Amino acid sequence: MLDIRFIRENPEVIRRAIRAKQLPEALESLGELLLADEERRLLRQDLEERQAVRNRCSKEIGQRKRRGEGAEELIRTMGELSAEVKRLEERSRSLEDAIREHLLEIPNIPHESVPFGESGRDNVVVKEWGQRPSFVFDPEPHWELAVRRGWFDLEAGVKIAGAGFPIFKGDGARLVRALQNYFLDTVGEWGYTEVRPPVVVNEASATATGQLPDKEGQMYRLTEGLYLIPTSEVPLTNLHRDEIIDEADLPILYAAFTANFRREAGSYGRDVRGLNRVHQFDKVEIVQFTHPDSSYEALEEMTALSEDLLKGLGLSFRRLLMCTGDMGFTQAKKYDLEVWSPGQDRWLEVSSISNMEAFQATRLMTRFRPGGAQGKGRPELVHTLNGTALAFPRTLAALLETYQQVDGRVALPEVLHPYMGKAYLE
RNA sequence: GGAGGGUUGGCUGAGUGGUUGAAAGCGGCGGUCUUGAAAACCGUUAUAGGGUCUACACCUUAUCGGGGGUUCGAAUCCCUCACCCUCCGCCA
């Protein structure tokens, strides 16, 4: 959500952002928003004048009564005024509802460094790291080599829950645990506080981070009105909802390992083969609350952290700068990291790191007080960022495919040896 | 799941339907005193919106868990939701 005052004063900036993000429906929302806002501002002035009169007269009535004087005729005129006040209040309330609703439909503004583009084809490859592995044999895709060895079982998952709920077993399950420890230990060294949040959230939390109303169809909804989290960004970012943070405590860094749930309705084909796209998956997520002046440095640092994890695993990857049309609704700037999958001969997205600037903080009401510990200044909104340290299933897929050997074994990168207690999966 | 009790400013905690945005204490800030500090004393100390003004500042509205209602007037009465506490039941 953007600040209504900014929108009011810069409607052209918003129109440009809406076009850049390929969201033409939002233009209509903007028009209605500006109309409702204007009407409300005029109405408030009228309303507040009447409220002032009412307050003054009510006090007068109180004083007269205390003196034992009558006030019948004043009470009678006040009845009419009060009815009018009530009518204006109702109108004001319905305008505020409309404003809030339309405000949620206005996307974030892309940062000036983001390239204009219509779709994923316009994303820019910023860097590529590592040698793609070469093989003396035909590398297998992960769903063949791992299923054969029982490291994961897709059919049992279908029986128990449905398609898209993979089951990891034996060394497959141990590998998940090893990755979890490797990721969490590493982000801990980078200064992130480890958090174990709930995997369900309420409507207010999902709205504050922008999952609602934009991505309602992506989430599983439980009875009781709770949602299964599509990412632990939601609970982590909501940790400081409705709070004023000491400036000295910024930046705040959180990391969490959780399961994540996505309905992924409408997906098909090679995208959903094996572990490529599933309904439940693990990942380690990192989140930062920063001072507005340093959020873009934080974006680079977070991206460097995710890349560091991939470098540690020795996987070939590339970094994409997402264009305006391929970015999400809430983001000002976003990088994706894609890892090379030799068994499928394609890139797989394993990480996505974004700066929301104040877009989430506006809904969250997460602010800091500038001017040091005693803090005299008015509270200002923080910037929020989040990123996938790494998503497990695709990382695992690329790992198995990259390190498969001619003898059928799978080598393990050195960083995992202490966690697995061995150098090869047999 | 059942019964009862709560939610007031940064914190603790008063509050009779009528100058209550809200007592008092603590804390914070400024000052007096002191070589300095403590203590004592004096003063000051919520947030958001709108308006006037070069500015200092002033005016005004809203806010006592959230929302709605009753009333000329609500922290106070009613309804509803959320959360917290106590007891009972159930439970890894």
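So our numbering is basically just the index in the first sequence, starting at one, shifted up by 144. Think of the CB as a built atom: it goes at the ideal place given N, C-alpha and C, for glycine as much as any other residue. Keep in mind that this is a model prediction, so the values were computed, not measured.
Mapping DSSP to helix, strand and coil, what is residue i?
i	result
Val-291	helix
Phe-279	coil
Lys-566	coil
Lys-359	coil
Arg-163	helix
Asn-499	strand
Ala-476	coil
Ile-205	helix
Ser-411	coil
Arg-490	strand
Val-554	strand
Lys-271	strand
Asp-297	strand
Val-258	coil
Tyr-440	helix
Gln-549	coil
Glu-249	coil
Arg-421	coil
Ile-158	helix
Leu-454	helix
Arg-365	strand
First and last residue of the beta strand (DSSP E) that includes residue i?
i	result
His-527	527-535
Arg-575	Because the chain in this structure spans residues 145 to 570, residue 575 falls outside the shown range and cannot be described.
Ile-430	424-434
Ile-396	396-405
Thr-510	510-513
Residue i lies in the alpha helix (DSSP H); which residues open and close that run?
i	result
Asp-390	Careful: Asp-390 lies outside any alpha helix (DSSP H), inside the beta strand (DSSP E) at 387-390.
Ala-215	Per DSSP, Ala-215 belongs to no alpha helix (DSSP H) and is neither H nor E.
Leu-380	377-381
Phe-327	315-333
Arg-149	148-153
Ala-305	Here Ala-305 belongs to no alpha helix (DSSP H), and DSSP marks it neither H nor E.
Thr-353	347-353
Compute the Euclidean distance between the alpha carbons of residue i and residue j, then round it to the nearest angstrom.
i	j	result
Asp-315	Trp-491	25 Å
Leu-146	Ala-317	43 Å
Val-258	Tyr-371	32 Å
Gly-361	Ala-242	22 Å
Phe-296	Glu-387	43 Å
Val-494	Glu-193	57 Å
Arg-553	Glu-445	36 Å
Gly-223	Leu-174	38 Å
Thr-353	Trp-484	30 Å
Met-500	Met-471	11 Å
Pro-168	Ile-250	11 Å
Glu-153	Leu-464	33 Å
Phe-512	Arg-292	54 Å
Gln-548	Tyr-398	34 Å
What distance in whole Å lies between the Cβ atoms of residue j and residue i, which are believed to be in contact at a cut-off of 8 Å?
i	j	result
Ala-403	Val-343	6 Å
Lys-478	Ser-450	Incorrect: roughly 13 Å between the Cβ atoms, too far for contact.
Asn-252	Thr-474	5 Å
Phe-405	Pro-374	6 Å
Glu-408	Asn-530	Actually they are not in contact, since the Cβ atoms of Glu-408 and Asn-530 sit about 20 Å apart, beyond 8 Å.
Asn-420	Arg-231	That belief does not hold up - the Cβ atoms of Asn-420 and Arg-231 are roughly 58 Å apart, past 8 Å.
Gly-274	Phe-461	7 Å
Decide if residue i is buried, meaning its Cβ has at least 16 other Cβ atoms within 10 Å, or exposed.
i	result
Gly-301	buried
Asp-181	buried
Pro-562	exposed
Gln-488	buried
Asn-382	buried
Thr-221	exposed
Gly-369	exposed
Lys-303	exposed
Ala-164	buried
Gly-308	buried
Val-550	exposed
Leu-534	buried
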